[in-house]
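Read the structure below first, then the notes.
Residue numbers (UniProt numbering): 1 to 347.
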């Protein structure tokens with residue numbers, strides 16, 4: 001597998017979606033070969049390439065991460081169905097790579113949707129994360145162009161579950177054990193074996209509306225305690241949710257439209273690796289432009305589809321969020337010694 005999937009989540013993320021400018025399969029293959037070497041160097045904390053002795057030429061490495069070290073940098077690459085179609089490899093599109101349908105509460109904009117290639121750079125230093133994608137894109141502007149990009153951040157102590165900007169923990173029920181990762185995250189067979197599917201959603205949070213909501217209602221929306229992350233049915237954060245539990249009035253303790261209940265009732269699992277974002281203010285309202293860069297990994301896109309369909313228009317959380325961007329990618333298998341990214345796709 002590639003790094004940046006099960007890796008403990010770092011503090012910052014730079015997610016970039018690229019479009020192809022060229023359909024030359026050999027040139028794209030060569031680009032992925034070079035990306036393999038470049039990414040390895042940067043994840044080791046080195047410059048992207050050997051420095052030139054000619055001061056009259058632009059530097060090989062842009063240099064903004066000089067002296068910062070690797071900062072736990074991971075770089076993760078994926079491709080979309082559109083890339084495989086454009087370079088004549090439609091026959092290699094796996095059956096499990098299903099298109100995402102239109103979901104309730106989708107108000108998607110092209111500025112944050114789709115793309116042929118994804119690069120996810122995560123580290124504990126935002127400048128290191130940007131340096132990675134900057135230097136990967138820079139030499140290949142004749143082949144690719146940036147379609148959209150989003151920066152994200154999280155903050156958590158040690159192995160604590162990070163919080164979103166609504167102040168609730170995000171990722172409590174992630175699969176963590178090896179058998180769970182095998183069952184829910186990684187592809188079992190075919191040329192993409194040990195790869196995974198990445199679904200990315202740019203979710204706007206209407207933070208001012210949320211700020212005016214009573215704590216009791218906030219917790220009912222998620223079905224969890226804000227401070228501890230524990231289910232409203234009691235216990236600690238990672239304790240099993242009791243969806244059948246009722247109060248003294250015979251009402252479900254976790255409401256029928258609570259986000260946690262609806263997600264649980266989909267009877268599947270995905271690996272969430274989300275980041276918060278703040279992008280200035282809305283010029284029309286003066287409100288903060290805040291949200292969640294939702295990133296999830298799964299062994300088939302149907303898993304995400306099932307969960308999102310179950311949330312549907314019933315999710316109480318929909319009062320406070322709007323989905324603005326969407327994309328799905330096949331994250332390529334990891335690289336064996338002497339190999340390169342996408343080797344089983346191109347060869």
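Glycine included, every Cβ here is placed at the ideal spot set by N, Cα and C.
Since the structure is predicted, the reported quantities are computational estimates derived from the model, not experimental observations.
Hey, residue 291 and residue 108 are a contact pair by Cβ (cut 8 Å); roughly how many whole angstroms apart? Distance from residue 291 to residue 108 at the Cβ level is roughly 13 Å; contact not present, criterion being Cβ atoms closer than 8 Å.
Alpha-carbon spacing of residue 173 relative to residue 180, whole angstroms: Using only the alpha carbons, I get a separation of about 11 Å.
Could you give the first and the last residue of the continuous beta strand (DSSP E) run that contains residue 297? First-last of the beta strand (DSSP E) with residue 297: 288-298.
Any beta-carbon of chain C closer than 9 Å to the one on residue 205? Although the question refers to chain C, the structure presented lacks it and comprises just one protein chain.
Indicate the three-state DSSP secondary structure (helix, strand or coil) for residue 60 in the structure shown. Three-state DSSP puts residue 60 in coil, outside helix and strand.
Just list the residues that DSSP pairs residue 34 with in beta bridges. Per DSSP, residue 34 has no beta bridge partner at all.
Opening and closing residue of the beta strand (DSSP E) in which residue 18 lies: Counting along the chain, residue 18 sits inside the beta strand (DSSP E) bounded by residues 12-20.
Nonlocal neighbours in the same chain, by C-beta distance under 6 Å from residue 200, ignoring five residues either side: Non-local C-beta neighbours of residue 200 in its own chain, meaning closer than 6 Å and more than five positions away in sequence, comprise 295 and 327, ordered along the chain.
On a Cα-Cα basis, can you pick out the residue from 213, 19 and 39 that is closest to residue 128? The residue with the shortest Cα to Cα distance from residue 128 is 39.
Residues bridged to residue 197 (per DSSP): Per DSSP, the beta bridge partners of residue 197 are 298 and 330.
Contact check, residue 169 vs residue 124 under 8 Å by CB: the rounded distance? Contact between residue 169 and residue 124 does not hold, since the beta-carbon distance rounds to 20 Å and is not under 8 Å.
Segment limits, beta strand (DSSP E) that includes residue 220: Careful: residue 220 lies outside any beta strand (DSSP E), inside the alpha helix (DSSP H) at 215-222.
Relative to the C-alpha of residue 161, which residue among 286, 237 and 217 is closest? Among 286, 237 and 217, the Cα nearest to that of residue 161 belongs to 237.
Below 8 Å, how does it come out for the stretch 145-162 and the stretch 269-279: are there three or more Cβ pairs, yes or no? Two segments are said to touch when three or more pairs of C-beta atoms, one from each, lie closer than 8 Å; by this definition the stretch 145-162 touches the stretch 269-279.
Compare the C-alpha of residue 64 against each of 134, 113, 17 and 25 and name the closest. Among 134, 113, 17 and 25, the Cα nearest to that of residue 64 is on 134.
What are the start and end residues of the alpha helix (DSSP H) that includes residue 207? Membership of residue 207 in the alpha helix (DSSP H) is indicated by the continuous run 207-211.
Could you tell me the boundaries of the beta strand (DSSP E) in which residue 276 lies? Going by DSSP, residue 276 is part of the beta strand (DSSP E) stretching over 275-281.
What is the DSSP secondary structure of residue 106, reduced to helix, strand or coil? Residue 106: strand per DSSP, three-state reduction.
When we look at the beta-carbon of residue 171 and count the other beta-carbons within 10 Å, is it buried (16 or more) or exposed? Here residue 171 is buried. Its C-beta has 16 or more other C-beta atoms within 10 Å.
I'd like the list of long-range same chain contacts for residue 80, defined as Cβ closer than 8 Å, with 5 residues on each side in sequence excluded. Same-chain partners within the cutoff: 114, 115, 116, 117, 118, 327, 328, 329 and 330.
Near residue 68, what residues of its chain come up, given a Cβ to Cβ distance below 7 Å and the 5 sequence neighbours on each side ignored? Here the set comprises 125, 127 and 128.
Residues of its chain near residue 384, where Cβ-Cβ distance is below 6 Å and the 5 sequence neighbours each way are ignored: Since the first and last residues shown for the chain are 1 and 347, residue 384 lies out of range.
For the alpha helix (DSSP H) containing residue 132, name the first residue and the last one. Boundaries of the alpha helix (DSSP H) harbouring residue 132: 126-137, taken from the DSSP string.
Would you identify the three-state DSSP class for residue 90, choosing helix, strand or coil? Looking at residue 90 - three-state DSSP - the assignment turns out to be helix.
DSSP bridge partner residues for residue 169 (one or two, in chain order): Residue 169 pairs with 163.
Beta-carbon proximity check, residue 74 vs residue 27, cutoff 9 Å: It is not a contact, given that the beta carbons lie outside the stated cut-off.
Determine, using beta carbons only, whether residue 97 and residue 312 come nearer to each other than 9 Å. Cβ distance not < 9 Å, so residue 97 and residue 312 don't count as in contact.
Using CA coordinates, which residue listed in 334, 221, 271 and 267 is at the minimum distance from residue 306? It is 267 whose Cα lies nearest to the Cα of residue 306.
Please identify the residue among 338, 261, 147 and 247 whose C-alpha is closest to the C-alpha of residue 19. Looking only at 338, 261, 147 and 247, the smallest Cα-Cα distance to residue 19 is reached by 147.
Can you give the Cα-Cα distance for residue 198 and residue 188, rounded to whole angstroms? Cα to Cα, the separation comes out at about 15 Å.
Beta strand (DSSP E) containing residue 147: first to last residue? Where residue 147 is concerned, the enclosing beta strand (DSSP E) stretches over 144-153.
In terms of residues, what are the limits of the beta strand (DSSP E) holding residue 233? Taken as a continuous stretch (DSSP letters only), residue 233 belongs to no beta strand (DSSP E), as it is neither H nor E.
If residue 270 and residue 184 are in contact, beta carbons under 8 Å, what's the gap, nearest whole angstrom? Approximately 7 Å separates the beta-carbon atoms of residue 270 and residue 184; this is inside 8 Å, confirming the contact.
Assigned exposure category for residue 258 - 16 Cβ within 10 Å defines buried: Residue 258 should be labelled buried.
Tell me which same chain residues have a C-beta within less than 7 Å of the C-beta of residue 202, skipping the five on either side of it? Excluding sequence neighbours, residue 202 sits near 112, 150, 291, 293, 324 and 325.
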